[in-house]
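Student: This is the structure I have questions about; it appears just below.
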Amino acid sequence: MFYSFNYLLFRVSLCLLLVNVFIPALELVIQYIQDRFSVHQQVAYTLGFLLPSLAKTVTWESLKPGYEKYKTVISRSIPEVSEELAKSEFNVWAAMCRQQQFIASSAIDAVNKCPVTALPIIHALLTILATLPVCTAEAERTFSKVERTLTALRS
Numbered sequence: 201m202f203y204s205f206n207y208l209l210f211r212v213s214l215c216l217l218l219v220n221v222f223i224p225a226l227e228l229v230i231q232y233i234q235d236r237f238s239v240h241q242q243v244a245y246t247l248g249f250l251l252p253s254l255a256k257t258v259t260w261e262s263l264k265p266g267y268e269k270y271k272t273v274i275s276r277s278i279p280e281v282s283e284e285l286a287k288s289e290f291n292v293w294a295a296m297c298r299q300q301q302f303i304a305s306s307a308i309d310a311v312n313k314c315p316v317t318a319l320p321i322i323h324a325l326l327t328i329l330a331t332l333p334v335c336t337a338e339a340e341r342t343f344s345k346v347e348r349t350l351t352a353l354r355s
């Protein structure tokens, strides 16, 4: 009887630990992940479909949220931007990628290979993709390098 009472006490304390500590900790982790990978970041990541290795297989619908997000930025340099024009440029870009006219391993390579005169919207989207930081650590490292450079220059 004493053994079963200790076992019950252990089970009750384990349940209390789960309810009061573990489950709230999991909820915090889930909330942190949702904040970290929020909707606007997921939309920005759709620009990755412009990379030649992915552009071969995706449709305009995959890229459309990223285009919608950055349409106002693009319209500053290309006033006549429209979804139809962007869609047709994407179809040309995807055809170029399927024909393997070039191989680009990064967004910067893709920007350099994309003809700006023929595909200005795709070129602008690739430029945005190339300038987006992969994570906050990359941006922090950049500022740290700038700070070290400025410190060295001041010395």
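The numbering used here numbers the first residue of the sequence shown as 201 and each following residue consecutively. Note that the Cβ used here is the ideal one computed from N, Cα and C, for glycine as well. From a predicted model like this one, the values you see are computed outputs, not experimental measurements.
1. Express the C-alpha separation of Ala310 and Thr259 in angstroms, rounding to a whole number.
2. Run through DSSP, which three-state label would Pro315 get?
3. Assign Lys256 to one of three DSSP states: helix, strand, or coil.
4. In this structure, how does DSSP classify Leu251 when only helix, strand and coil are distinguished?
5. Taking Lys313 as the reference, which of Leu332, Trp293 and Leu218 has the closest Cα?
6. Look at the alpha carbon of Glu280 and the alpha carbon of Lys287, and state the distance between them as a whole number of angstroms.
7. Just to confirm my understanding: we take Phe249, look at its own chain, exclude 5 residues before and 5 after, and list those with CB closer than 6 Å. What are they?
8. Out of Leu319, Ala324, Met296 and Val221, point me to the one whose CA is closest to Thr272's CA.
9. Going along the chain, which residues of its own chain have a beta-carbon closer than 6 Å to the beta-carbon of Val316, five neighbours each way excluded?
10. Just to confirm my understanding: we take Met201, look at its own chain, exclude 5 residues before and 5 after, and list those with CB closer than 6 Å. What are they?
11. Who are the near neighbours of Tyr207 in its chain, counting only those whose CB is closer than 6 Å to its CB and skipping five residues on each side?
12. If you compare alpha carbons, which of Asp235, Ala330 and Pro252 is closest to Arg298?
13. Buried or exposed: where does Ile321 fall if 16 or more other Cβ atoms within 10 Å of its Cβ makes it buried?
Tutor: By the coordinates alone:
1. Counting only the Cα atoms, Ala310 lies some 18 Å from Thr259.
2. In the structure shown, Pro315 sits in coil (DSSP, three-state: anything other than H, G, I, E or B).
3. Reduced to three states, the DSSP call for Lys256 is coil.
4. Leu251: coil per DSSP, three-state reduction.
5. Of the listed residues, the one whose Cα sits closest to Lys313 is Trp293.
6. Cα to Cα, the separation comes out at about 14 Å.
7. Leaving aside the five residues that flank Phe249 on each side, the residues in its chain whose CB is nearer than 6 Å to its CB run, in chain order, Val258, Ser262 and Leu263.
8. The shortest C-alpha separation from Thr272 is found at Ala324.
9. Cβ within range, chain order: His323.
10. Any reading at Met201 is ruled out, since the residue's pLDDT is 49, under 50, leaving its predicted position unreliable.
11. Take Tyr207, set aside five residues on each side of it, and no residue of its chain has a beta-carbon closer than 6 Å to its own.
12. Comparing Cα positions, the closest option is Pro252.
13. Per the 10 Å Cβ criterion, buried.
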